[in-house]
Structures are given as C-alpha cells and as structure tokens.
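One structure is given here, and the rest of the page talks about it.
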Amino acid sequence: MNKVGLYFGTFNPIHVGHLIIANHMVENSDLDEIWMVVTPHNPFKKKSSLLGNHHRYELVYKATEKYPKIKASDIEFKLPQPNYTAHTLAHISDKYKDKEFCLIMGEDNLKSFHKWKNFETILEHHQLYVYPRVSEELLETSLDQHPKIHKVEAPIIQISSTMIRKGIKEGKNIQPMLTKEVWNYIDEMNFYRK
Numbered sequence: 011m012n013k014v015g016l017y018f019g020t021f022n023p024i025h026v027g028h029l030i031i032a033n034h035m036v037e038n039s040d041l042d043e044i045w046m047v048v049t050p051h052n053p054f055k056k057k058s059s060l061l062g063n064h065h066r067y068e069l070v071y072k073a074t075e076k077y078p079k080i081k082a083s084d085i086e087f088k089l090p091q092p093n094y095t096a097h098t099l100a101h102i103s104d105k106y107k108d109k110e111f112c113l114i115m116g117e118d119n120l121k122s123f124h125k126w127k128n129f130e131t132i133l134e135h136h137q138l139y140v141y142p143r144v145s146e147e148l149l150e151t152s153l154d155q156h157p158k159i160h161k162v163e164a165p166i167i168q169i170s171s172t173m174i175r176k177g178i179k180e181g182k183n184i185q186p187m188l189t190k191e192v193w194n195y196i197d198e199m200n201f202y203r204k
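Counting in the working numbering, the sequence shown tops out at residue 204, every number present.
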C-alpha cells in the first residue's frame with residue numbers, strides 16, 4: 011500500500027522552506043510521496059489575507075512539478091467549509107482505498123494537537139510525522155511517546171509566508187526564498203504588492 015504524507019497549509023505563498031521540509035520528510039522516512047494539500051480556509055486564520063484558492067494551488071503546482079514524490083492537492087476545495095483535518099482524512103481515505111494516509115505537521119502544531127477537532131480519531135487511524143520547530147510551549151505528555159507519532163530529524167526552517175508577503179509589499183528582494191516559477195507567477199500577477 012502506497013504511504014502518503016499529507017502536508018496541509020494555506021501556502022500563501024509556498025516557499026523554499028515548505029519544499030525543503032516536504033522533500034526531507036519523503037526522503038528520510040518510509041513515506042512514498044507527499045501531497046501538499048492547499049487549504050481553502052483555515053478556521054484559525056483571517057480569510058481576507060489569502061490569495062484565491064486557484065492561485066495558491068497554481069503556485070504549489072508550479073513549485074512541486076519538478077519533484078516526482080511531491081504533488082499539489084486541491085482535495086479540500088470540494089469539501090464543506092471550514093475544513094477540519096479529521097473530515098478531510100475521512101474523505102480522502104474513503105476516496106483512495108489503495109493508499110495509507112499520514113499527517114505531516116510541525117512540532118508547534120503537535121503541541122496544540124490535543125485541541126484539534128476529533129484528534130483522538132485522527133490518531134486512531136493515522137500516523138503523524140513531525141518535523142522540528144522552534145517553540146516555547148511544552149508538549150502534551152500523552153503525545154510525547156505515542157506509538158503513532160514519529161519525530162523526523164529535519165532542518166529547522168525559519169522562513170514564513172508572512173515574512174515573504176511583507177517583503178514583497180515593502181519592495182524587498184525575496185526571490186531566494188521562492189522557486190523561480192513561483193516568483194515569476196507572483197510577479198506577473200502583481201500579488202502581495204498592496
């Protein structure tokens with residue numbers, strides 16, 4: 011059975027940090043591939059700052075098309091809003107019965123994972139692959155040694171989409187933080203300038 015890691019995000023925009031993490035996770039774990047799942051609307055984020063779904067998906071597609079083990083996914087676009095990971099996992103597992111889906115998340119998200127909707131159900135049916143993040147919060151002790159949670163040693167990336175949007179708005183050169191294809195699309199479409 012094909013083992014797929016789901017890397018959820020608004021990817022507003024996708025940057026080299028996302029690609030470094032995705033590539034590292036697929037090359038240094040037992041995952042066969044990674045799907046970058048573009049989230050239409052995260053319940054914890056203001057919708058106004060998001061580029062349209064189609065544009066963010068296009069950016070992820072352009073960023074990942076040279077990586078055969080990493081794919082762009084718009085699976086959440088067709089699901090009811092707001093999107094909850096538990097609902098998406100149930101839907102995707104039902105749709106692709108030949109694949110085993112795992113969740114990829116940063117250590118900072120793992121620390122608040124016990125507050126997620128139906129987190130126990132997620133853990134019951136799916137494995138979690140966690141990459142390190144700089145964070146002050148302590149981990150919920152019940153999750154620290156959980157058999158379905160795998161911590162993968164990975165580079166700590168300090169680039170953020172917020173930093174990129176701010177840099178573009180201020181007229182700074184942020185090109186090294188994006189793939190050429192992503193930068194060209196953002197530049198051509200005049201995104202994040204206002």
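C-beta atoms are modelled at their ideal positions from N, C-alpha and C, and glycine is treated no differently.
Taking the C-beta atoms as reference points, D84 is found nearer than 7 Å to Y67. Note that the segment 30–43 touches the segment 159–167; at least 3 beta-carbon pairs, one per stretch, sit closer than 8 Å.
Sequence-distant partners of I169 (beyond 5 residues in either direction) whose C-beta falls short of 8 Å from its own C-beta, in its chain, are H25, V26, G27 and M187. Within its own chain, the residues whose Cβ lies closer than 8 Å to the Cβ of I178, once the five positions on either side in sequence are excluded, are I184, I196, F201, Y202 and R203, listed in chain order.
A buried status is given to G116, since no fewer than 16 other beta-carbon atoms sit within 10 Å of its beta-carbon.
Remark: fewer than three beta-carbon pairs, one from each stretch, lie closer than 8 Å, so the segment 116–132 and the segment 33–45 are not flagged as touching. Excluding its 5 nearest sequence neighbours in each direction, D40 has C-beta neighbours in its own chain below 7 Å: K13, listed in chain order.
Membership of I80 in the beta strand (DSSP E) is indicated by the continuous run I80 to S83.
The alpha-carbon of C112 is positioned some 29 Å away from that of I174. Beta-bridge annotation (DSSP): N93 is not paired with any residue. Taking I159 as reference, the option from A82, T172 and Y139 with the minimal CA-CA separation is Y139. With a 10 Å radius around the Cβ and a threshold of 16 neighbouring Cβ atoms, T172 comes out exposed. Counting the other Cβ atoms within 10 Å of the Cβ of G19 gives 16 or more, which makes it buried. Contact annotation: T49 and N22 have beta-carbon atoms that are not nearer than 7 Å. Residue environment for G15: buried (at least 16 other C-beta atoms within 10 angstroms of its C-beta).
Pairing L60 with I80, the inter-Cα distance amounts to about 23 Å. By the neighbour-count criterion, in which 16 or more other beta carbons inside 10 Å mark a residue as buried, E86 falls on the buried side.
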